[in-house]
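Some notes on the structure that comes next.
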Amino acid sequence: MKKTISLALLFLFLLSPQAHATKMAIIIDDFGGDVKGVEPFLAGEIPITVAIMPFHEHAKEQAIQAHEAGLEVIIHMPMEPKQGKASWLGPNAITSDLTEQEIKKRVQQAIENVPYAVGMNNHMGSKIVEDQKIMKSILEVVHENKLYFLDSGTSNESVIPELAEKMNIPFIKRDIFIDDSLSSQYEVEQQIDKLMKISQRNGQAVGIGHVGVKGFETFSAVENGWKKIKQNEMKLVFLSELMDYPLTHQLHHIQYDSNH
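Numbered by mature numbering (1 follows the signal peptide of the UniProt record, and there is no 0), the letters in the sequence shown go through residues -21 to -1, 1 to 239 in order.
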């Protein structure tokens, strides 16, 4: 009798909206400095994944603050792009002129500089993510530290998916950026609506936003978007919670940005 009741309850749960709620993760890049939007995001009221630039003035402090607020922390590792200013990368970036030893040293130091990090993604890096040798060196350190990797989608020739799969590293790719340096709050909200549609279509979705020049606009948009996500019986989760999902669909729906 008890077994019959348990099976019936399980069946009812599987039919419920909660059991099949689509999930999405929003990663907010560029933490680590004293920029707009940091404080409201670190209040911890919205379940975002916080990507922190290592070696910046407030990197450790903000990593600890994010962790204590119950947020997920990852390392936003600066990597050389095909075009752009070196100053955009910040200190100790991964560049193509470094030795393998120096690359591994910098990645390990970055991990140690951002406490509580469970993953890593690339800051810019359109040149680096296409380089098998360099990315293998980076991912070896990621693997040794038992982190996951988020491909930020800055090149459609990225070798990260292939290497991560071979090296048995949990990885995922972003679907869209939800903002840029010129975005209004309305435009970010439109992108979050798009993220929701991707999630409904594929069962999950990954969006990346930023603190910085338009940090307050992005926060307000994410705050409103989170309310809409809940109203639609969808779930906003930390990025690690999407790692058990099939990743094949992401190879076809990414929008790449070669300017990073």
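Every residue, glycine too, gets a C-beta built ideally from N, C-alpha and C.
For residue j and residue i, believed in contact at Cβ under 8 Å, the rounded distance
i	j	result
Val97	Leu126	6 Å
Pro33	Asn92	4 Å
Gly23	Ala48	3 Å
Asp158	Leu174	About 11 Å; that fails the 8 Å criterion.
Proximity below 9 Å, CB of residue i to CB of residue j
i	j	result
Phe128	Pro94	no
Ser131	Lys61	no
Ile73	Glu59	yes
Leu50	Pro26	yes
Leu77	Ile31	no
Gln170	Ser178	no
Run of the beta strand (DSSP E) containing residue i, from where it starts to where it stops
i	result
Phe150	Phe150 to Lys152
Val120	From DSSP, Val120 is part of no beta strand (DSSP E) but of the alpha helix (DSSP H) over Gln111 to Glu123.
Phe10	Lys2 to Phe10
Per DSSP, the bridge partner or partners of residue i
i	result
residue 240	The first residue shown for the chain is -21 and the last is 239, placing residue 240 beyond what the model contains.
Asp130	Lys152
Gly188	Ile7
Segment limits, alpha helix (DSSP H) that includes residue i
i	result
Asp172	Gln164 to Asn181
Lys207	Gly194 to Gln210
Ile31	From DSSP, Ile31 is part of no alpha helix (DSSP H) but of the beta strand (DSSP E) over Thr28 to Ile31.
Pro140	Ile139 to Lys145
Ala45	Ala38 to Glu47
Ile107	It is not in any alpha helix (DSSP H) - Ile107 carries neither H nor E in the DSSP assignment.
Beta-carbon contacts of residue i that lie in its chain and below 6 Å, excluding the five residues immediately before and after
i	result
Gln(-4)	Residue placement at Gln(-4) is poorly supported in this model, since its pLDDT is 46, which falls under 50; the coordinates still yield a value, given next. Closer than 6 Å at the Cβ level, and outside the excluded window around Gln(-4), lies no residue.
Ser160	Val192
Thr(-18)	Bear in mind that the predicted position of Thr(-18) carries a pLDDT of just 49, short of 50, making it unreliable; the figure below should be weighed with that in mind. Correct list: empty, nothing qualifies.
Ile208	Leu215
Close Cβ partners of residue i (< 7 Å) along its chain, the five nearest in sequence each way excluded
i	result
Met222	Tyr127, Pro149 and Ile151
Met146	Leu118 and His122
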